[in-house]
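In the numbering used here, the protein residues as written are 4 to 331.
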C-alpha cells in the first residue's frame with residue numbers, strides 16, 4: 004500500500020499532470036520509448052524556463068537544499084537546479100557550493116539568472132563530494148541549527164514532487180533517502196537494493212536521488228571536522244553512513260523500492276564520490292573505525308568491499324533503450 008501511494012504521489016506534476024520521471028523503470032517497450040522522448044526534450048524546455056522565468060527557486064519549505072559541482076559540470080548544473088526550483092515544494096534556501104574561484108566570481112549566464120531568482124552560490128575549499136554538506140555545517144548550520152538539510156547531485160533531473168515526497172517521508176532524528184541498499188558482510192555490489200521503508204542502521208543511503216539529514220547528524224559532521232579528507236576523500240556516502248550509525252541515527256528509504264531519477268545524460272557516469280569509479284575495502288574499514296573511535300562505540304557494523312555506489316546505474320540510461328534492472 005505504501006508503495007502504491009508513493010507512486011501516485013510521484014506521478015503528479017506541479018500542475019497535477021502526469022509525468023514519467025517517477026524513479027522507476029518502464030515495464031514495456033512503449034514506456035521506454037515515451038520516457039526517452041520526454042527526456043530528450045527536457046533540456047530544451049528547461050532552457051526556455053531559465054531564460055524566461057522570473058519565478059523564485061526558493062520558498063517556504065522546511066528544509067534547505069545543498070549541492071555542489073565542478074569542472075565541466077558547472078555548465079550543466081543549472082538544469083538540476085531548475086528542476087528543484089520548479090518543485091511543488093521549494094526549499095527554504097537553495098545553495099550551490101563551488102571550489103572553482105573563477106566560476107564563483109563569474110558563473111555561467113544560466114546560473115546568474117538563477118541567482119536572480121534566489122539561488123545562492125558560495126565559495127568553499129575543494130572537499131570533493133563532501134562539499135555538498137561540510138561547508139554547510141560550518142557556515143549555515145550555526146544560524147539555522149534546527150533546519151533539515153537535503154543534498155542533491157549535480158547531474159539529475161528531479162521531478163516536481165521530489166522535495167515534497169522526501170520531506171513527507173522524513174521523520175525527526177532520522178536520515179531519509181530515495182535510494183538505498185542493505186549493508187551486509189559481502190562486497191558492495193552484492194548488497195541488495197532496499198525494499199522496505201523501515202528505519203535501520205543497515206540501510207545504506209546513496210546520494211544520487213536525494214537524502215534528508217537531521218540537524219543532529221549535521222552537528223556531528225561539523226564536530227568531526229575534515230577527517231574525511233584523509234580517510235575517504237571521494238567516498239562521501241560511506242562517511243555519511245557511518246556518521247549516522249555511530250551517532251545512532253537510523254536511516255530510512257522513502258519508498259519500498261529504490262528510486263533512480265533521470266540523469267543529465269551528457270554528464271552522468273563517473274560521479275563525484277570517487278575519481279576512479281571504485282572504492283576498496285580499506286576505505287570502508289577506515290571510515291567505520293574513524294567514527295566508531297570518535298564516538299567510543301565498541302560494537303562495529305560489518306565492513307565491506309564496496310564498488311561504485313549507484314553510479315553504475317547511470318549506464319542504463321544511455322542512448323539505447325535497455326531492459327529494466329531486475330535489482331531495482
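Ideal placement from N, C-alpha and C gives every residue a C-beta, glycine not left out.
request  = State the DSSP-derived secondary structure class of residue 264, mapped to helix, strand or coil.
outcome  = Under the three-state reduction of DSSP output, residue 264 falls in the coil class, being neither helix nor strand.
task = Measure from the C-beta of residue 152 to each C-beta in chain B and report whether the shortest distance is under 9 Å.
result = This model lacks chain B altogether, as it is built from one protein chain only.
query = Is the region 254 to 269 close to the region 187 to 199, with three or more CB pairs under 8 Å?
reply = Yes, since at least three Cβ pairs between the region 254 to 269 and the region 187 to 199 fall closer than 8 Å, the two stretches touch.
request  = Give the straight-line distance between the Cα atoms of residue 178 and residue 119, rounded to the nearest whole angstrom.
outcome  = Residue 178 and residue 119: Cα-Cα distance of roughly 32 Å.
request  = Take residue 303 and list the residues in its own chain whose beta-carbon comes closer than 8 Å to its own, dropping the five residues that flank it on each side.
outcome  = Note on residue 303: pLDDT 43, under 50, position unreliable in the model; no value is reported.
query = Can you name the start and end residues of the beta strand (DSSP E) that residue 216 belongs to?
reply = From DSSP, the beta strand (DSSP E) with residue 216 extends over 214 to 216.
Residue 100, DSSP secondary structure in three states = In the structure shown, residue 100 falls within a strand segment according to DSSP collapsed to helix, strand and coil.
ask   = Is it true that the CB of residue 239 sits closer than 9 Å to the CB of residue 138?
value = The Cβ-Cβ distance between residue 138 and residue 239 does not fall below 9 Å.
task = Return helix, strand or coil for residue 154, following the three-state DSSP convention.
result = In this structure, DSSP gives residue 154 an extended state, which the three-state scheme calls strand.
Selection from 109, 60, 148 that minimises the alpha carbon distance to residue 78 = Nearest C-alpha to residue 78: 109.
query = Fully enclosed by the region 106 to 136, which beta strand (DSSP E) runs are 3 residues long or longer?
reply = Within the region 106 to 136, the runs of beta strand (DSSP E) at least 3 residues long that lie entirely inside it are, in chain order, 123 to 126.
key: alpha helix (DSSP H) segment containing residue 84, residue limits   = Unbroken alpha helix (DSSP H) run through residue 84: 80 to 88.
key: Identity of the residue in 218, 159, 220, 225 nearest residue 211 by Cα   = For residue 211, the nearest C-alpha among the options comes from 159.
key: Range covered by the beta strand (DSSP E) that runs through residue 69   = For residue 69, the enclosing beta strand (DSSP E) begins and ends at 66 to 71.
query = DSSP on residue 202, reduced to helix/strand/coil?
reply = Note: residue 202 maps to coil in three-state DSSP.
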